[in-house]
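Input: a single structure, listed below in structure tokens.
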Amino acid sequence: MQNIELLHSELNNKHYGYGRPDIVQQGWGKVLEVYDPFGNRIRFCQY
């Protein structure tokens, strides 16, 4: 994906209980993970 910081900002501005993610810097890129109400993990990656 592109512009993971924008997604991070949008999710945090909504004050949604399940969507308060942090961006984690990995050696290969950035990762943002959220959990839906059913406990499923959704991972967004920016290379």
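This note's numbering puts the first residue of the sequence shown at 30, with every later residue one more than the last.
Note that beta-carbon positions come from the ideal geometry of N, C-alpha and C, so glycine has one too.
Note that the coordinates shown come from a computational prediction; the quantities given were computed from them, not determined experimentally.
Could you give the distance in angstroms between the alpha-carbon of residue i and the alpha-carbon of residue j?
| i | j | result |
| --- | --- | --- |
| Y76 | Y45 | 26 Å |
| R70 | L35 | 19 Å |
| Q78 | R72 | Residue numbering for the chain in the displayed model covers 30 to 76; residue 78 lies beyond these limits and cannot be assessed. |
| V60 | C74 | 5 Å |
| I33 | G58 | 10 Å |
| F27 | H37 | With the chain represented from 30 up to 76, any question about residue 27 goes unanswered, as that position is not in the structure. |
| N41 | I52 | 11 Å |
| M30 | K43 | 20 Å |
Thinking just about the alpha-carbon of each residue, which of the options is nearest to the one in residue i?
| i | options | result |
| --- | --- | --- |
| Y64 | M30, I33 and P50 | P50 |
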